[in-house]
Amino acid sequence: MSRTVADVLALNARATVARAYVRIVGSIREPAWIVGDAVLPALGMCAFVLLYRGLGAPKSYETLAVLGGILSTYWINVLWGMGAQLYWEKQQGQLQLYFAAPCSRMAIFTGMALGGVFMTTMRTVFSIVMGFGVLGVRVHPESPLLLVLVFVVTMVALYALGMTLSSLFLLYGREAWHLCNAMQEPVYFLSGLYFPIRTLGALGGVAAGLIPLGLGLDAMRQVLVGEAAHGLLPVSIEIGLLSGLAVVFMVLARVALAYLENLSKREGRLTQRWQ
Amino acid sequence: VRALAARVKLSAWLGWQIESNWADPLTFIVYSVLRPVGTALILAGMFWTVAGHGARPEAFAAFYVANAFHEYVVRVLIGMGWIVVEEREEYETLRYVYVSPVGLLNYLTGRSAVKFALATTSVVLILVLGWTLLGVRWDLGLVRPGLFAVSFVIGLVATLFVGFIVAGWALVLPRAAINLNEGIGVGLYLLCGVIFPIDLLPHGFRELSLLVPFTYWYEALRRSLLGRSASTLLASWSDAQLLGALAGSTIVLAVVSVWAFHALERRARRLGRLDHSTLF
Chain A
16 MSRTVADVLA LNARATVARA YVRIVGSIRE PAWIVGDAVL PALGMCAFVL LYRGLGAPKS
76 YETLAVLGGI LSTYWINVLW GMGAQLYWEK QQGQLQLYFA APCSRMAIFT GMALGGVFMT
136 TMRTVFSIVM GFGVLGVRVH PESPLLLVLV FVVTMVALYA LGMTLSSLFL LYGREAWHLC
196 NAMQEPVYFL SGLYFPIRTL GALGGVAAGL IPLGLGLDAM RQVLVGEAAH GLLPVSIEIG
256 LLSGLAVVFM VLARVALAYL ENLSKREGRL TQRWQ
Chain B
524 VRALAARVKL SAWLGWQIES NWADPLTFIV YSVLRPVGTA LILAGMFWTV AGHGARPEAF
584 AAFYVANAFH EYVVRVLIGM GWIVVEEREE YETLRYVYVS PVGLLNYLTG RSAVKFALAT
644 TSVVLILVLG WTLLGVRWDL GLVRPGLFAV SFVIGLVATL FVGFIVAGWA LVLPRAAINL
704 NEGIGVGLYL LCGVIFPIDL LPHGFRELSL LVPFTYWYEA LRRSLLGRSA STLLASWSDA
764 QLLGALAGST IVLAVVSVWA FHALERRARR LGRLDHSTLF
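Protein sequences appear in the order of chains A and B. Heads up, the first sequence is in my numbering, so the first residue is 16 and it goes up one at a time. Heads up, the second sequence is in my numbering, so the first residue is 524 and it goes up one at a time.
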């Protein structure tokens, strides 16, 4: 009996919801992860805000650093919760179940991304409290709707990049862990997480074209603090670029996953641990 | 003493095998180059941004230098916790190390020697990068080698001993050890005023920072290399007072950490956590 399109859609929708559920509920059950994901980025953010104070910088720069600290939580989730996810699954001996399941792998990725965004948003509350409550920074959003639009487009682009990384890391063993570490501080710098990306000049422009974190953050800063954000490009152009990056990374993730799944099977690396 | 030295030397040799031969160059590049240089560049980017708003280069140099030396805390002190995680979770060899005649404390000391060498590479790299490319320069005539040598050695001793406490907690808390390691690193970065004066810390945290030897260490390193303080609170202290506080807090912590390590080690054994693999 062949499946109808409706059956296939329903199956993939169920897989998405199920994977998102696991991500949200599982993360709540592990207090150490909550501390790691919520508290540690906030502490790093506080240190950078105090550096601005130590240097005698205007207050508006502290706001930029706080917004960067909040976005860093999402980047950590993209790296470790999306990019390295198939590596974790391989280590736990569950990766073969993903490939044996009747649903699309992209449906599983989408569930991971949706659950990741929800869970991370809950965890940014700590950074928001630290930034706005304890450190006393202030924002003046010009349009809440525009802010929501920028946030959604940024998240789609970021998590699509996470899906691509996840596919690429499928081949790797221990290197996946190291690569995730390699993509923290250097990406924070190239994305202007704690200073306006415009400071980096052409280098910042190139980085913004490759990694959606800097572009999304720059757009959000412009919506929240206006000219004090020292934006790279007008918000409308940044939204367009982010949308383009989201589409490119989605397609890339799908192609890379199909290719690397095949390659991993051929080389017998799909179930290999600690290579 | 000869037997102890042989054990530490053997552990250092094993550490070198693990850190160099068993791993690929990617590991070295990521942890000794990319991450520390990435943080240094973030600081530089922040300074470039506010340089036109009256931020003084000499103030930034004081924070930049302390950030470079914080690599010892990240690699040696936090590295002790990572050694436990790797041995137990990754290689599943902690139980064999534990029952071997080397002794866990000697083993950790030996392994930390390699981490010290790697951290030194990162520190030199950050300072050279700062001096040559980022414009973080200061008057070399202000360098005081004697004060630097004494404070550097005492700070390293503090790093080693506080690392024992981190390793002890990692023995007791298998699942949470990774976050604990990262948390202590970030916590000390914030508490000890690595990239800002401790005067900016809220009341309570400021007093707490004065109990930690690294607060004095970073201050002594700034004075010995740049000839200036970052903190108004500590600026009025003489060099002797500063070194006394550094040495005193290090001695207290050393005694507490050895006692705490053995207590935590016994607890981990009692709870069956020595070979409790939780990650995979």
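Virtual Cβ for every residue (Gly too), placed ideally from N, Cα, C. Computed from a predicted structure; not experimentally measured.
- Task: Quick one: grab the DSSP three-state call for B:L694.
- Result: Here residue 694 of chain B refers to the residue found at position 171 of the second sequence. The answer is helix: DSSP assigns B:L694 an H, G or I state.
- Task: Could you tell me whether any non-hydrogen atom of the ligand MG is closer than 7 Å to the CB of A:G108?
- Result: The ligand MG is not part of the structure shown, which contains no ligands of any sort.
- Are three or more beta carbon pairs between the segment 97 to 110 of chain A and the segment 51 to 62 of chain A nearer than 8 Å? Not touching, per the Cβ criterion.
- Query: Straight-line CA distance for B:V646 to B:T562?
  - Reply: Indexing the second sequence from 1 puts residue 646 of chain B at position 123. Indexing the second sequence from 1 puts residue 562 of chain B at position 39. The alpha-carbon separation between B:V646 and B:T562 amounts to approximately 12 Å.
- Pick from B:M569, B:Y630, B:L537 that is closest to B:L527, judged by C-alpha positions: Sequence index remark: in the second sequence, residue 527 of chain B carries index 4 (1-based). Per the Cα distances, B:Y630.
- Query: How many whole angstroms separate the CB atoms of B:E615 and B:G691, which I take to be in contact at a CB cut-off of 8 Å?
  - Reply: Your numbering for residue 615 of chain B matches position 92 in the second sequence. Your numbering for residue 691 of chain B matches position 168 in the second sequence. Contact doesn't hold; Cβ gap of about 20 Å is too wide.
- In chain order, each alpha helix (DSSP H) run of at least 4 residues that lies wholly inside the segment 705 to 770 of chain B: 728 to 732, 736 to 749, 755 to 758
- Taking just the CA atoms, how far does A:L112 sit from A:M121? The residue given as residue 121 of chain A occupies position 106 in the first sequence. The residue given as residue 112 of chain A occupies position 97 in the first sequence. About 14 Å.
- Message: I want to see whether chain B comes within less than 8 Å of A:P372, judged by CB atoms only; does it?
- Response: Any property of residue 372 of chain A remains undetermined from this structure, which presents chain A solely from 16 to 290.
- Message: Helix, strand or coil, according to DSSP, for B:R579 in the structure here?
- Response: Here residue 579 of chain B is taken as the residue at index 56 of the second sequence, counted from 1. It is coil, neither helix nor strand.
- Message: Using a Cβ-Cβ distance cut-off of 8 Å, determine whether A:C118 contacts chain B.
- Response: The sequence position of residue 118 of chain A within the first sequence is 103, counting from 1. With 8 Å as the cut-off, A:C118 does not count as an interface residue toward chain B.
- Item | Amino acids of chain A, ordered along the chain, whose beta-carbon sits closer than 9 Å to that of B:V553 | Translated into positions along the second sequence, residue 553 of chain B becomes position 30. H193, L194, N196, A197, listed in chain order.
- Query: Under the three-state reduction of DSSP, which class applies to B:V820: helix, strand or coil?
  - Reply: Outside the displayed span of chain B (524 to 803) sits residue 820 of chain B, for which this structure offers no information.
- Task: Look at the Cβ atom of A:V217, then the Cβ atom of A:S206, and state whether they are nearer than 8 Å.
- Result: Your numbering for residue 217 of chain A matches position 202 in the first sequence. Your numbering for residue 206 of chain A matches position 191 in the first sequence. For clarity, residue 217 of chain A is Ala in the given sequence; the question names Val instead. Cβ atoms of A:A217 and A:S206: not closer than 8 Å.
- Task: Mind the definition here: the segment 86 to 101 of chain A touches the segment 747 to 766 of chain B only if three or more C-beta pairs lie below 8 Å; say whether that holds.
- Result: The answer is no - the segment 747 to 766 of chain B does not touch the segment 86 to 101 of chain A, with fewer than three Cβ pairs under 8 Å.
- Query: Given that A:V50 touches chain B, what residues does it touch there, using C-beta distances under 7 Å?
  - Reply: One-based indexing of the first sequence puts residue 50 of chain A at position 35. Within chain B, the residues near A:V50 are N702, G706.
- Message: By the DSSP assignment, the alpha helix (DSSP H) with B:M603 in it spans what residues?
- Response: Taking the first residue of the second sequence as position 1, residue 603 of chain B is located at position 80. It spans 601 to 608 - the alpha helix (DSSP H) in which B:M603 sits, taken as one unbroken run.
- Task: Helix, strand or coil for A:V37, going by three-state DSSP, please let me know.
- Result: Mapped onto the first sequence, residue 37 of chain A falls at position 22. DSSP places A:V37 in helix when its eight states are reduced to three.
- In the segment 59 to 70 of chain A, which residues sit with their C-beta less than 8 Å from some C-beta in chain B, listed in chain order? G59, C61, A62, F63, L65, L66, Y67, R68, G69, L70
- Query: Buried or exposed: where does A:Y36 fall if 16 or more other Cβ atoms within 10 Å of its Cβ makes it buried?
  - Reply: Indexing the first sequence from 1 puts residue 36 of chain A at position 21. Under this definition A:Y36 is an exposed residue.
- Message: Is there a Cβ of chain B sitting closer than 8 Å to that of A:E200, yes or no?
- Response: Taking the first sequence and counting its residues from 1, the one referred to as residue 200 of chain A is at position 185. Closer than 8 Å: yes.
- Message: Using a 10 Å radius around the Cβ and a threshold of 16 neighbouring Cβ atoms, would you call B:S780 buried or exposed?
- Response: Sequence index remark: in the second sequence, residue 780 of chain B carries index 257 (1-based). Result: buried.
- Item | Three-state secondary structure assigned by DSSP to A:D22 | As a working note, residue 22 of chain A is residue 7 in the first sequence. Looking at A:D22 - three-state DSSP - the assignment turns out to be helix.
- Item | Partners in chain B for A:P211, counting only beta-carbon separations shorter than 7 Å | Sequence index remark: in the first sequence, residue 211 of chain A carries index 196 (1-based). Contact note: A:P211 reaches chain B through T572, using a C-beta cutoff of 7 Å and chain order.
- Message: For the pair the segment 600 to 616 of chain B and the segment 671 to 689 of chain B, tell me if three or more CB-CB distances fall below 8 Å.
- Response: Enough Cβ pairs lie closer than 8 Å, so yes.
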